[in-house]
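Numbering (mature numbering (1 follows the signal peptide of the UniProt record, and there is no 0)), first residue to last: -23 to -1, 1 to 389.
Ideal placement from N, C-alpha and C gives every residue a C-beta, glycine not left out.
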C-alpha cells in the first residue's frame, strides 16, 4: 500500500512539473499608477489587470489607483527615492523631461498605435521635437445651463459677457438667494481652469502668440476683473475659493446653480448622482468681439526610465504590450464610457460615434479647444500662481498688481 502511495506521489509531482508554470524571476514586473477619475476607477482597472495578466502570463502587472489630491505628493516622493513607477498617469510633464526621467514615446508606442491618435493629442506632449507621453483621455468644457430656471426667469442663454450679467440679474431677481445664477470654481482643485475660461474668451491666455508667458496682459487683467465682478455682484456661489467643480456639479444637479462651465462628463456625474433636471449645453460666453473658446484637458501616460532593470529589452516589450492592450479600440472605448471622458484615438471615437451622436459633437468641439501650456517647464508654478492670484483677488487685492507680481516671479 505504501508503495502505491509513493508511486502516486511521484506521478503527481511529475505531472505538476510538466505544467507551463513560469518562475517568478522570469516575469517582467510593471508598476503602474493610475489617477482616480471616479468612484469606480479601481473596479475597471482591477478587471484590466486580471485580463492583461491572463493574456500576458510573462508579465506581473501591479496597478495602483491614486486620488488626484495625493498624486503629486506620492509621485514626487517616489521619484526622490529613485522608486518611480514604470508607467504614470498624470497631467504634468515638463519637469520630468527636464530631469531626463522619461522615455520618448516612440520607443514603446508602435507605429500602428501612434497612427490611432488624433494628431493634436499625439503632438500635445512634444518637447524639443520629441513626444514624451501618450494621451490617456480628454475632456472638453462647455456651458451647462438649467433650462427650467432660465425659462422661469424669462432669461436667454448668454453668449457674451454682457448677456451673462443680464441673465444672472434676471435669475437673481426671480429666485433671490434660492439659486446661484453662475458657478465659479477658483479653488486649489482646479482654479487654473477658471483662469482659462475667462482669459481665453477675452483674447488673452497664459502665453502670447510667440509662446512666451503673458500672464499680466491687459486682456487677462480685464478678464479676471470680470470674473471677480460676478462674485462681488452676488451672481455666483458664495465661496468660490473653496467650492470645487464637484460641489458646483452637485448644486447644479440640485437646481441650486443655474449655469456653470464644466466638462463633458457632467451628464454621467448627474446620472450617477441620481439628479434629474432639464438642462442643455452650449458654447462658453465670450467678451464682445471675441470668439468663444472651449477648454480642453488632456491627461497623459508617461513611462519612466529604469536604468536598474536587468533586461531593458524585456521591460520595453512589456510596456509596449500594456499600451497595445489598453488602447485596443473596444477596451479603450469602454473605459472612456465608463469614466465619462472623450477618447484621444480616432479609431475609438469612430466606434463610439456609431452608438452615440453626442460623442461626435464633443469630438468636434474638442478639436477646436485650447489646452494648458503644460509642456513649458514653468507650468506647475504658473498653475499654482494663477490660483493664488484668483484667491487673493477674491479677498479684494488688485488684479493688475497680482498678475504683475506673478509674471515677474515666473520670468525670474
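Member of the options whose CA lies at the smallest distance from the CA of residue i
i	options	result
residue 274	294, 242 and 18	242
residue 373	218, 352 and 279	218
residue 64	94, 235 and 280	280
residue 399	379, 7 and 9	Residue 399 cannot be examined here, being either before or after the span of the chain that is shown, -23 to 389.
residue 211	357, 149, 352 and 300	149
residue 184	247, 3 and 352	352
residue 319	300, 337 and 331	337
residue 240	316, 130 and 196	316
residue 104	385, 123, 215 and 73	73
Coarse secondary structure for residue i, derived from DSSP in three states
i	result
residue 317	coil
residue 96	helix
residue 7	strand
residue 384	helix
residue 209	helix
residue 42	strand
residue 217	coil
residue 312	helix
residue 112	strand
residue 376	helix
residue 259	strand
residue 363	helix
residue 139	helix
residue -11	Low confidence applies to residue -11: its pLDDT is 41, below 50, so where it sits in the model is not reliable, and the reading given next is rough at best. Note: residue -11 maps to helix in three-state DSSP.
residue 70	coil
residue 158	strand
Contact set for residue i: own chain, Cβ-Cβ below 6 Å, skip 5 residues either direction
i	result
residue 354	71 and 75
residue 395	The structure shown does not extend to residue 395, since the chain spans only -23 to 389, so no value can be given for it.
residue 388	none
residue 422	Lying outside -23 to 389, the shown extent of the chain, residue 422 is not represented and no answer is given.
residue 375	none
residue -8	Residue placement at residue -8 is poorly supported in this model, since its pLDDT is 42, which falls under 50; the coordinates are not used for a value here.
Residue i to residue j span [Cα, whole Å]
i	j	result
residue 140	residue 302	48 Å
residue 202	residue 68	28 Å
residue 363	residue 377	12 Å
residue 235	residue 309	34 Å
residue 221	residue 194	27 Å
residue 115	residue 107	21 Å
residue 359	residue 186	18 Å
residue 322	residue 147	43 Å
residue -11	residue 34	Its pLDDT being 41, under 50, residue -11 is placed unreliably by the model, and nothing is read from it.
residue 82	residue 5	20 Å
residue 258	residue 290	48 Å
residue 37	residue 22	14 Å
residue 126	residue 311	34 Å
residue 110	residue 78	12 Å
residue 190	residue 175	17 Å
residue 54	residue 165	21 Å
residue 361	residue 168	8 Å
Contact set for residue i: own chain, Cβ-Cβ below 7 Å, skip 5 residues either direction
i	result
residue 171	161, 162, 163, 204 and 367
residue 129	151
*Can at least three beta-carbon pairs, one atom from the region 46 to 63 and one from the region 16 to 32, be found at a separation below 8 Å?*
Verdict: no, contact absent.
*Are the region 141 to 157 and the region 177 to 191 touching by the rule of at least three beta carbon pairs closer than 8 Å?*
Flag = no, the region 141 to 157 and the region 177 to 191 do not touch.
*Give a yes or no on contact between the region 282 to 289 and the region 116 to 126, applying the rule of three or more CB pairs nearer than 8 Å.*
No: the two stretches stay apart, fewer than three of their Cβ pairs being nearer than 8 Å.
_Across the region 258 to 273 and the region 54 to 62, are there enough close Cβ pairs to call them in contact, namely three or more that are closer than 8 Å?_
No: fewer than three Cβ pairs fall under 8 Å.
*asked:* Across the region 342 to 362 and the region 123 to 143, are there enough close Cβ pairs to call them in contact, namely three or more that are closer than 8 Å?
replied: The region 342 to 362 vs the region 123 to 143: no contact.
*Would the region 33 to 42 and the region 7 to 24 be scored as touching if the rule is three or more Cβ pairs under 8 Å?*
Judged by Cβ distances under 8 Å, the region 33 to 42 makes contact with the region 7 to 24, as three or more pairs qualify.
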